[in-house]
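Chemist: Right, I'll just put the structure down here and ask away after.
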Amino acid sequence: MNPDVIVIGGGAAGLMCALVAGRRGRRVRVLEHADRVGKKILMSGGGRCNFTNLDVGPDNYLSANPHFAKSALARYTPWDFIALVEKHAIAYHEKERGQLFCDVSSKLIVRMLLDECTEAGVEVRTGCDIGEVTRSDAGFHLRTSQGAMDCASLVVASGGLSIPRMGATGFGYDLARQFGHAVRPTRAGLVPLTLSGKHLEDYADLAGVAVPEVEARSERRAFRAGLLFTHRGLSGPAILQVSSYWEPGEAVHIDYLPERDAVDWLATQRREHPDRELKTLLAEALPKRLAQRLCDLDFGHRPLRRLSDPELSRIGQRLHDWPIVASGSEGYRTAEVTLGGIDTDGLSSKTMMSKSIPGLYAIGEAVDVTGWLGGYNFQWAWSCGNAAGVAV
Ligand SMILES: Cc1cc2nc3c(=O)[nH]c(=O)nc-3n(C[C@H](O)[C@H](O)[C@H](O)COP(=O)(O)OP(=O)(O)OC[C@H]3O[C@@H](n4cnc5c(N)ncnc54)[C@H](O)[C@@H]3O)c2cc1C
Numbered sequence: 041m042n043p044d045v046i047v048i049g050g051g052a053a054g055l056m057c058a059l060v061a062g063r064r065g066r067r068v069r070v071l072e073h074a075d076r077v078g079k080k081i082l083m084s085g086g087g088r089c090n091f092t093n094l095d096v097g098p099d100n101y102l103s104a105n106p107h108f109a110k111s112a113l114a115r116y117t118p119w120d121f122i123a124l125v126e127k128h129a130i131a132y133h134e135k136e137r138g139q140l141f142c143d144v145s146s147k148l149i150v151r152m153l154l155d156e157c158t159e160a161g162v163e164v165r166t167g168c169d170i171g172e173v174t175r176s177d178a179g180f181h182l183r184t185s186q187g188a189m190d191c192a193s194l195v196v197a198s199g200g201l202s203i204p205r206m207g208a209t210g211f212g213y214d215l216a217r218q219f220g221h222a223v224r225p226t227r228a229g230l231v232p233l234t235l236s237g238k239h240l241e242d243y244a245d246l247a248g249v250a251v252p253e254v255e256a257r258s259e260r261r262a263f264r265a266g267l268l269f270t271h272r273g274l275s276g277p278a279i280l281q282v283s284s285y286w287e288p289g290e291a292v293h294i295d296y297l298p299e300r301d302a303v304d305w306l307a308t309q310r311r312e313h314p315d316r317e318l319k320t321l322l323a324e325a326l327p328k329r330l331a332q333r334l335c336d337l338d339f340g341h342r343p344l345r346r347l348s349d350p351e352l353s354r355i356g357q358r359l360h361d362w363p364i365v366a367s368g369s370e371g372y373r374t375a376e377v378t379l380g381g382i383d384t385d386g387l388s389s390k391t392m393m394s395k396s397i398p399g400l401y402a403i404g405e406a407v408d409v410t411g412w413l414g415g416y417n418f419q420w421a422w423s424c425g426n427a428a429g430v431a432v
């Protein structure tokens, strides 16, 4: 028998939409082309799934329409998802900055979603390739590797382009375009940045050096978190965050000492320890190899007493604003998310339904709403999945 609702994509948003719609008595079928559902959930948060953030708000998202996410986020909050996690007795903890992780494994989140789907009578089919999708009297007609199917409501939940080896495709964008929807340009987000030429030469041998807290700034946004040098460029949470706001060829400005006034600190140290080498002092606040490199590249090698007031002031300011020009990013191969996607102008923010094609819905990362690092992307998936689930 044909279902009422077909959800294309068994990821975070698709499974949430399916279980909510199933609980309402809708006959729901999830079609997933990979051999199992929820692969990104499984690999997320280092295997422990950072499933939400306690401080979620529309400001934590990038979209051409910054208001679009408000309605769905307000109607299904982190507390709603936490209640589901607690109902399934999944132990979790707050790591930092409101980020909630499973104590044991991401597998428990996938298990929970599948158990809820089973209880709600949702049929989940894996290994199902979808071919042509057309409109029909009933709503939509799909040709698939598991036969032809019809449904009244069709939900596009096929995600973005990041991590193609996990099953990511541009299917959702193509389908949206086929039905007349605009798709905003996509690019990799939450992704390590790469350096080239002289910029790479300057830093490549620092690969593995980590600074626990810096402030990384692009022209549009600043984030305070860890920085990691890699053999190709820059990574760590501060860089991943800023990458979503960065444009190719732009410098990322690093404040290496966001917690202190570097000019004051240097002046005090010069007074109290005039014979101390600058690099030795910097190595108290930064990894030794990085301190040495900053001196090699710019500050020079000398004892503090040989720094004039203007030099000391310049070095202090530079420690708060060290520009590194990134040439590119590692791209979809390692990106956690895809920026851009199905234009929100064509969708209802309340129901996620198409404004032009009744019965067609789009949710999750396929839509032009992208969260920061820290559980915001899953919360968007749960919230908009719920919004569509109560409407289909
Ligand atoms: C390594 C990594 C770690 C991450 N960690 C976190 C984290 O800890 N916290 C957080 O909030 N976010 C995290 N994210 C982001 C998060 O995983 C995504 O934002 C989220 O999964 C998006 O949900 P979705 O349902 O829209 O898409 P997805 O979860 O990607 O699901 C889409 C599904 O559709 C399927 N599909 C694709 N094309 C087709 C097709 N043609 N036919 C049928 N099925 C198809 C895919 O196989 C997939 O199962 C991480 C991402 C990555 C890559």
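With the working numbering applied, the sequence shown corresponds to residues 41 to 432, in that order. Heads up, the beta-carbon is just placed ideally off N, CA and C, and yes, glycines get one too.
Please find out if some non-hydrogen atom of ligand 1 comes closer than 6 Å to the beta-carbon of Lys80.
Modeler: As a working note, residue 80 is residue 40 in the sequence shown. Yes, the Cβ of Lys80 comes within 6 Å of a heavy atom of ligand 1.
Chemist: Using 8 Å as the threshold, is the region 288-295 in touch with the region 249-258, meaning 3 or more CB pairs across them?
Modeler: At 8 Å Cβ cutoff, the stretches touch.
Chemist: Is Ile279 helix, strand or coil by DSSP?
Modeler: If you number the sequence shown from 1, residue 279 lands on position 239. Ile279 falls in the helix class under three-state DSSP.
Chemist: Which of helix, strand or coil does DSSP assign to Ser111?
Modeler: Residue numbering aside, residue 111 sits at position 71 when the sequence shown is read from its first letter. Three-state result, Ser111: helix.
Chemist: Rounded to whole angstroms, what's the CA-CA distance from Met83 to Cys142? Just pull it up for me.
Modeler: Here residue 83 is taken as the residue at index 43 of the sequence shown, counted from 1. Here residue 142 is taken as the residue at index 102 of the sequence shown, counted from 1. Looking at the two C-alpha atoms, the distance is approximately 12 Å.
Chemist: Which of the three DSSP states is assigned to Val150 in this structure?
Modeler: For the purposes of this step, residue 150 is taken as the residue at position 110 of the sequence shown. Helix.
Chemist: Ligand 1 heavy atoms versus the CB of Ala302: any closer than 6 Å?
Modeler: Indexing the sequence shown from 1 puts residue 302 at position 262. It does not: the Cβ of Ala302 is nowhere closer than 6 Å to a heavy atom of ligand 1.
Chemist: Starting from Val68, follow its DSSP beta bridges and name the residues at the other end.
Modeler: On the sequence shown, residue 68 is found 28 positions in, with the first residue counted as 1. Val45.
Chemist: Relative to the alpha-carbon of Gln357, which residue among Lys395, Glu376, Ala302, Leu337 has its alpha-carbon at the smallest distance?
Modeler: Numbered from 1 along the sequence shown, position 317 holds the residue referred to as residue 357. The shortest C-alpha separation from Gln357 is found at Ala302.
Chemist: How about Val223 and Ile382: do their beta carbons lie closer than 7 Å?
Modeler: Position 183 of the sequence shown, counted from the start, is the residue given in the question as residue 223. Position 342 of the sequence shown, counted from the start, is the residue given in the question as residue 382. Cβ atoms of Val223 and Ile382: closer than 7 Å.
Chemist: Taking Leu94 and Leu140 to be in contact with their CB atoms under 8 Å, please state how far apart those CB atoms are, rounded to whole angstroms.
Modeler: Taking the sequence shown and counting its residues from 1, one reaches residue 94 at position 54. Taking the sequence shown and counting its residues from 1, one reaches residue 140 at position 100. Sure, about 7 Å apart at Cβ, within 8 Å.
Chemist: Regarding Glu72 and ligand 1, is the C-beta to nearest heavy atom distance less than 6 Å?
Modeler: Here the question's residue 72 lines up with position 32 in the sequence shown. Checking every heavy atom of ligand 1 against the Cβ of Glu72, one is found closer than 6 Å.
Chemist: For Glu172, name the three-state secondary structure that DSSP assigns.
Modeler: Counted from its first residue, the sequence shown places residue 172 at position 132. Three-state DSSP puts Glu172 in a strand.
Chemist: Going by C-alpha distance, which of Arg217, Leu297, Arg205 is nearest His73?
Modeler: For the purposes of this step, residue 73 is taken as the residue at position 33 of the sequence shown. Selected option, being the one with the closest Cα: Arg205.
Chemist: Just the Cα atoms here: how many angstroms apart are Gly87 and Val150?
Modeler: Position 47 of the sequence shown, counted from the start, is the residue given in the question as residue 87. Position 110 of the sequence shown, counted from the start, is the residue given in the question as residue 150. Their backbone Cα atoms lie some 12 Å apart in a straight line.
Chemist: May I have the straight-line CA-CA distance separating Leu326 from Gly415, to the nearest angstrom?
Modeler: Taking the sequence shown and counting its residues from 1, one reaches residue 326 at position 286. Taking the sequence shown and counting its residues from 1, one reaches residue 415 at position 375. Looking at the two C-alpha atoms, the distance is approximately 29 Å.
Chemist: Between Ala406, Glu405, Gly386, which lies nearest to Ile397 when the distance is taken from Cα to Cα?
Modeler: Position 357 of the sequence shown, counting from 1, holds the residue named residue 397. Nearest C-alpha to Ile397: Gly386.
Chemist: Please identify the residue among Trp362, Ala375, Thr378, Asp315 whose C-alpha is closest to the C-alpha of Pro343.
Modeler: Indexing the sequence shown from 1 puts residue 343 at position 303. Checking every option, the nearest Cα to that of Pro343 belongs to Asp315.
Chemist: Going by C-alpha to C-alpha distance, which of Ala160, Ala427, Leu194 sits closest to Ile170?
Modeler: Counting from 1 along the sequence shown, the entry for residue 170 is found at position 130. Closest by alpha carbon: Leu194.
Chemist: Relative to the C-alpha of Tyr101, which residue among Leu413, Val70, Ala431 is closest?
Modeler: Sequence index remark: in the sequence shown, residue 101 carries index 61 (1-based). Per the Cα distances, Leu413.
Chemist: Could you check whether the Cβ of Phe211 sits closer than 6 Å to any heavy atom belonging to ligand 1?
Modeler: The residue given as residue 211 occupies position 171 in the sequence shown. Because some heavy atom of ligand 1 lies under 6 Å away, the Cβ of Phe211 counts as near it: yes.
Chemist: May I ask you to report which of helix, strand or coil DSSP gives Val432?
Modeler: Position 392 of the sequence shown, counted from the first residue, corresponds to residue 432. Val432: coil per DSSP, three-state reduction.
Chemist: Mind checking who Lys139 pairs with in its DSSP beta bridge?
Modeler: Numbered from 1 along the sequence shown, position 99 holds the residue referred to as residue 139. This sequence places Gln at residue 139; Lys is not what is there. Paired residue(s): Asn93.
Chemist: In angstroms with no decimal places, state the Cα-to-Cα distance between His271 and Gln281.
Modeler: Start at 1 with the first residue of the sequence shown, and residue 271 comes out as number 231. Start at 1 with the first residue of the sequence shown, and residue 281 comes out as number 241. Each residue's alpha carbon lies about 19 Å from the other.
Chemist: Would Gly65 be called buried (16 or more neighbouring beta carbons within 10 Å of its own) or exposed?
Modeler: Translated into positions along the sequence shown, residue 65 becomes position 25. Classification for Gly65: exposed.
Chemist: Does the separation of the CB atoms of Cys191 and Ile46 fall below 7 Å?
Modeler: Here residue 191 is taken as the residue at index 151 of the sequence shown, counted from 1. Here residue 46 is taken as the residue at index 6 of the sequence shown, counted from 1. Cβ atoms of Cys191 and Ile46: closer than 7 Å.
Chemist: What residues are listed by DSSP as bridge partners for Tyr101?
Modeler: Start at 1 with the first residue of the sequence shown, and residue 101 comes out as number 61. The partner list for Tyr101 (beta bridge, DSSP) reads Gly411.
Chemist: When you compare only the Cα positions, how much space is there between Ser353 and Ala265?
Modeler: Within the sequence shown, residue 353 is the residue found at index 313, counting from 1. Within the sequence shown, residue 265 is the residue found at index 225, counting from 1. Approximately 25 Å, taken between the alpha carbons.
Chemist: Where does Asp177 sit, in a helix, a strand or coil, going by DSSP?
Modeler: As a position in the sequence shown, residue 177 is number 137, starting the count at 1. Reduced to three states, the DSSP call for Asp177 is coil.
Chemist: With respect to the alpha helix (DSSP H) encompassing Val125, which residues constitute its N-terminal and C-terminal limits?
Modeler: Translated into the one-based positions of the sequence shown, residue 125 becomes position 85. Segment 118-127, the alpha helix (DSSP H) holding Val125.
Chemist: Cβ of Leu306 within 7 Å of Cβ of Phe339?
Modeler: Mapped onto the sequence shown, residue 306 falls at position 266. Mapped onto the sequence shown, residue 339 falls at position 299. Cβ atoms of Leu306 and Phe339: not closer than 7 Å.
Chemist: Count the other C-beta atoms from every protein chain shown that fall within 10 angstroms of the C-beta of Arg373, then say buried if there are 16 or more, exposed otherwise.
Modeler: One-based indexing of the sequence shown puts residue 373 at position 333. Exposed.
Chemist: Assuming Phe211 is part of the beta strand (DSSP E), what are its boundary residues?
Modeler: By 1-based counting over the sequence shown, the position of residue 211 is 171. No beta strand (DSSP E) holds Phe211; the alpha helix (DSSP H) holding it covers 211-218.
Chemist: What's the gap between the Cα of Thr166 and the Cα of Gln186?
Modeler: Translated into positions along the sequence shown, residue 166 becomes position 126. Translated into positions along the sequence shown, residue 186 becomes position 146. Distance between the alpha carbons of Thr166 and Gln186: 10 Å.
Chemist: Identify whether Ile203 lies in helix, strand or coil by the three-state DSSP scheme.
Modeler: Residue numbering aside, residue 203 sits at position 163 when the sequence shown is read from its first letter. Note: Ile203 maps to coil in three-state DSSP.
Chemist: Ligand 1 and Ile203: does the residue's C-beta get closer than 6 Å to at least one heavy atom of that ligand?
Modeler: As a working mapping, residue 203 is identified with position 163 in the sequence shown. It does: the Cβ of Ile203 is within 6 Å (strictly closer) of some heavy atom of ligand 1.
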